[in-house]
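What follows is one structure encoded as structure tokens, with my remarks underneath.
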Amino acid sequence: MSSNIEKFKKLRESASPVETSALDSFFDQLPPIPLSHLVGSWNGGFFDTGHPNGDFMKDISWIGKDFFSVDHVDPVIVERGGKRQSWGKWGLASLKEIVFRGQVTSAMVYDDQPVIDYFRFVDDKTVAGIMEGKKLDGPFHFYLTRP
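Residue 110 in the UniProt record's numbering is what sits at position 110 of the sequence shown, and the numbering runs on without skipping anything.
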């Protein structure tokens with residue numbers, strides 16, 4: 001049986017769109033991640049599932065998230081002039097533990113948007129994420145990697 005990181009790489013490197021059901025299965029078998037593990041800067045990417053949020057993330061040049069502390073997160077970091085900077089249009093966020101799909105899960109709750117991101121551990125430098133929100137067209141699967 002392959003490791004979580006091997007499964008992750010296979011999903012991320014797929015040449016064709018990835019089925020949401022495959023990503024859901026992968027996410028659901030991952031262990032939880034402590035809130036404190038998320039503190040720091042992370043690079044971001046997403047899986048090609050055909051979700052409209054993927055085009056939006058490309059349009060704004062989304063490149064990650066900055067977790068300054070459990071109570072202070074900049075959830076949307078974009079690239080401008082070759083540098084990381086806050087997009088600023090979705091406000092800030094904080095981290096909480098929330099039961100998601102039957103397991104206590106580290107989650108990022110946006111201050112100004114009806115959106116929650118849920119995180120699970122892939123390895124020390126990789127986190128799988130699902131973004132859910134009232135204004136989103138279903139769950140959006142993404143990932144974070146340590147620079």
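Note that beta-carbon positions come from the ideal geometry of N, C-alpha and C, so glycine has one too.
- Fully contained in the UniProt domain "GXWXG" (25-80) are the following beta strand (DSSP E) runs of length 3 or more, in chain order: 40-46, 62-69, 72-80.
- The three-state secondary structure of Ser106, taken from DSSP, is strand.
- Under the three-state reduction of DSSP output, Ala22 falls in the helix class.
- Under the Cβ criterion (8 Å, minimum of three pairs), the region 39-48 counts as touching the region 5-23.
- From the listed residues Ala15, Phe26, Ser16, the smallest Cα separation to Ile5 is found for Phe26.
- According to DSSP, residue pairing for Lys7 in a beta bridge does not occur.
- The Cβ atoms of Trp90 and Pro75 sit closer than 8 Å to each other.
- Comparing C-alpha distances from Ser61 to each of Val78, Gly102, Asp55 shows the shortest one belongs to Val78.
- In terms of Cβ geometry, Phe68 and Leu38 do not form a close pair [threshold 8 Å].
- Secondary structure of Arg12 (DSSP, three-state): helix.
- The three-state reading of DSSP puts Lys134 in coil, since its state is none of H, G, I, E or B.
- Going by C-alpha positions, Gly54 is about 25 Å away from His72.
- Relative to the Cα of Lys10, the nearest Cα in the group Val122, Lys58, Ser41, Arg101 belongs to Val122.
- The beta carbon of Met57 sits closer than 7 Å to those of Phe46, all from its chain and outside the five residues before and after it, given in chain order.
- By the neighbour-count criterion, in which 16 or more other beta carbons inside 10 Å mark a residue as buried, Pro31 falls on the exposed side.
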